[in-house]
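Visitor:
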């Protein structure tokens with residue numbers, strides 16, 4: 001017996017209609033009263049859950065998903081998110097269409113918070129067939145990075161204001177500076193830690209009724225057996241990635257410095273009901289385990305008013321308890337006064353751990369060889385340093401004078417990095433810096449730099465007149481890649497002058513007069529695969545026919561829309577951007 005579509009059970013109809021794109025559902029509703037009366041909340045809830053992965057916290061999406069379906073207007077919620085996605089697409093297209101007001105458009109996108117991430121990821125992962133694939137990926141990544149960094153800075157600013165910020169979230173803020181499109185954000189870190197705690201419970205059900213002391217040791221054994229703490233594999237102690245909790249949790253075999261290993265241990269322990277916190281012992285972070293009020297760590301009752309001794313764990317090195325007498329002996333060998341023992345053997349604040357992590361990152365950066373390419377290393381070197389200086393600026397140590405000096409030094413670094421690499425972050429200085437900087441002269445200098453950046457962003461670009469006969473002497477084109485004959489780096493040409501247009505001081509410093517062609521030859525503005533921007537004499541250029549390589553391909557998106565493999569040249573991003581091509 002045949003059935004019409006409208007005669008099918010509601011459950012079957014729901015399954016069928018769920019395969020339709022959301023934009024087609026309103027059209028279907030106009031077909032018949034049956035479809036118009038279809039229970040829409042379930043359908044739109046499913047669309048919200050399947051079409052969008054990332055939601056701003058103010059939506060409380062998980063709470064809404066666990067509640068009754070009729071308590072939320074799911075169709076409106078989906079419609080609002082869909083409108084945001086369309087708005088973001090318009091702004092991304094606008095960034096690619098004109099060099100003007102790019103910062104303003106990026107800030108408008110970031111104003112949507114995490115609701116913007118799904119749309120940005122779609123543009124970031126656009127297929128190679130797109131005509132503007134490089135530019136779309138580059139600017140989507142730049143805006144997404146700005147969104148991630150703004151969320152990280154907000155967490156540290158809350159910590160500076162005295163608000164409670166979970167340790168895992170405060171540490172994951174460092175990951176947000178180097179995240180790009182990879183997993184490892186705040187939500188991913190929390191989810192991974194939840195999963196580790198659940199895995200521990202399923203594999204060790206017998207330990208749930210044990211004393212805190214026994215559970216603390218069993219947890220350390222579990223984490224070490226699963227390579228979730230310590231250094232393993234081919235990683236070296238000071239490798240940059242060992243400083244990031246998100247990287248440690250997402251990537252196997254999870255190498256991490258003691259600070260990150262202890263943070264993972266403490267965060268999982270807290271999920272298991274163990275009072276574990278980091279202890280900032282000199283040169284090596286430990287975990288301090290405290291007993292519950294009225295009990296000892298082995299589960300015995302204590303007399304009222306009597307405090308029980310804590311225990312210490314070093315999950316980076318061992319699954320065994322570290323005895324306090326051994327720690328005191330180490331402090332004595334370091335020449336530390338016993339009067340300072342309680343502070344050094346006590347729990348560290350989250351702010352102290354963030355400061356220590358920032359110092360570790362800077363130490364790792366100093367260990368990187370000078371000739372290391374900073375272009376697209378993992379994690380990004382510039383992003384890691386940028387994270388460290390923001391952390392120190394927002395959470396300095398010491399008294400007012402010391403903190404002021406640290407902040408002044410950090411502000412100069414941040415302003416320089418924003419001007420050079422992170423233009424989307426100009427508003428972060430405007431929002432977070434004024435209450436922190438007491439040196440008004442330095443602050444005004446920083447404001448002037450930001451003002452220049454914004455003014456430049458609003459101004460139309462000057463078109464150079466290329467009608468002179470001297471243009472015929474310029475041999476190379478914008479978009480061609482080359483090796484430098486003397487220094488052997490690879491770069492792409494982004495602009496040129498018919499002869500050296502630099503200052504006399506620059507030409508003297510670079511000894512341009514010693515070149516066979518002197519200053520009376522073509523000079524080219526170029527972008528190196530290590531992110532450097534250089535000015536190169538024509539006689540030092542040796543064109544290559546090979547593909548640009550991943551690093552240069554990614555960086556070139558700032559200036560070009562795609563790589564023309566047939567002709568071996570990058571195609572300009574905007575029609576009037578490089579009239580000298």
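In the UniProt record's numbering, the protein residues as written are 1 to 581. Positions of the beta carbon are idealized from the N, C-alpha and C atoms, including for glycine. Quick caveat, the model's predicted, so the values are computed rather than measured.
Along the chain, where does the alpha helix (DSSP H) containing residue 402 start, and where does it finish?
Guide: 400-420
Visitor: With a threshold of 6 angstroms on Cβ separation, who are the neighbours of residue 196 within its own chain once the five nearest residues in sequence on each side are excluded?
Guide: 268
Visitor: By DSSP, does residue 187 sit in helix, in strand, or in coil?
Guide: helix
Visitor: Tell me where the beta strand (DSSP E) around residue 562 begins and ends.
Guide: 560-564
Visitor: For the stretch 434-450 against the stretch 395-409, do three or more pairs of beta-carbon atoms, one drawn from each stretch, fall closer than 8 angstroms, so that the two count as touching?
Guide: yes
Visitor: Could you spell out where the alpha helix (DSSP H) holding residue 47 opens and where it closes?
Guide: 40-51
Visitor: Go through its chain and collect everything with a Cβ distance to residue 157's Cβ below 7 angstroms, but skip five positions before and after it.
Guide: 394, 432
Visitor: I'd like the list of long-range same chain contacts for residue 524, defined as Cβ closer than 6 angstroms, with 5 residues on each side in sequence excluded.
Guide: Excluding sequence neighbours, residue 524 sits near 493, 496, 536.
Visitor: Does the Cβ of residue 399 have 16 or more other Cβ atoms within 10 Å, making it buried, or fewer, making it exposed?
Guide: exposed
Visitor: Using only alpha-carbon positions, find the residue among 478, 357, 419, 424 that is nearest to residue 449.
Guide: Relative to the Cα of residue 449, the nearest Cα in the group 478, 357, 419, 424 belongs to 419.
Visitor: Look at the Cβ atom of residue 461, then the Cβ atom of residue 552, and state whether they are nearer than 9 angstroms.
Guide: no
Visitor: Within 10 angstroms of its Cβ, does residue 572 collect 16 or more other Cβ (buried), or is it exposed?
Guide: buried
Visitor: With a 10 Å radius around its C-beta and 16 neighbouring C-beta atoms as the bar for buried, classify residue 375 as buried or exposed.
Guide: Note that residue 375 scores a pLDDT of 46, beneath 50, so its modelled location is shaky; the value from the coordinates is reported in the next line. When all chains shown are included, residue 375 counts as buried.
Visitor: Taking all protein chains shown into account, decide if residue 201 is buried (16 or more other Cβ within 10 angstroms of its Cβ) or exposed.
Guide: exposed
Visitor: Candidates 331, 288, 334, 293: which alpha carbon is nearest residue 312's?
Guide: 288
Visitor: For residue 503, does the count of other Cβ atoms within 10 angstroms reach 16, so buried, or fall short, so exposed?
Guide: exposed
Visitor: Between which two residues does the beta strand (DSSP E) holding residue 485 run?
Guide: Segment: none, residue 485 is in no beta strand (DSSP E) and carries neither H nor E.
Visitor: Is residue 546 helix, strand or coil when you go by DSSP?
Guide: Secondary structure at residue 546: coil, using DSSP grouped into helix, strand and coil.
Visitor: Helix, strand or coil for residue 528? Go by DSSP, reduced to three states.
Guide: strand
Visitor: Only counting the same chain, and skipping five residues up and downstream in sequence, which positions put a Cβ closer than 7 angstroms to that of residue 258?
Guide: 284, 285, 316
Visitor: With DSSP as the reference, identify every bridge partner of residue 286, one or two as the case may be.
Guide: 279
Visitor: Which of the three DSSP states, helix, strand or coil, is assigned to residue 7?
Guide: helix
Visitor: Find the nearest neighbour of residue 151 within the set 347, 425, 227, judged by alpha-carbon distance.
Guide: Among 347, 425, 227, the Cα nearest to that of residue 151 is on 425.
Visitor: Between the stretch 173-186 and the stretch 137-146, do at least 3 Cβ pairs fall closer than 8 angstroms?
Guide: yes
Visitor: Quick check: the Cα distance between residue 454 and residue 422, rounded to an integer number of angstroms?
Guide: 13 angstroms
Visitor: Strictly by DSSP, which residues pair up with residue 301?
Guide: 295
Visitor: Using 8 angstroms as the cut-off, can you tell me whether the stretch 553-561 makes contact with the stretch 106-121, which would need three or more C-beta pairs spanning the two stretches below that distance?
Guide: no
Visitor: Can you check whether the CB of residue 397 is closer than 9 angstroms to the CB of residue 451?
Guide: no
Visitor: Can you tell me which of 344, 213, 172, 73 puts its alpha carbon nearest to the alpha carbon of residue 358?
Guide: 172
Visitor: Which partner residues of residue 570 appear in the DSSP bridge assignment?
Guide: 563
Visitor: With residue 454 as the anchor, note down where its alpha helix (DSSP H) starts and where it stops.
Guide: 440-458
Visitor: Please report the distance separating the alpha-carbon of residue 522 from that of residue 483.
Guide: 16 angstroms
Visitor: Check the DSSP bridge columns for residue 321 and list the partner residues they point to.
Guide: 313
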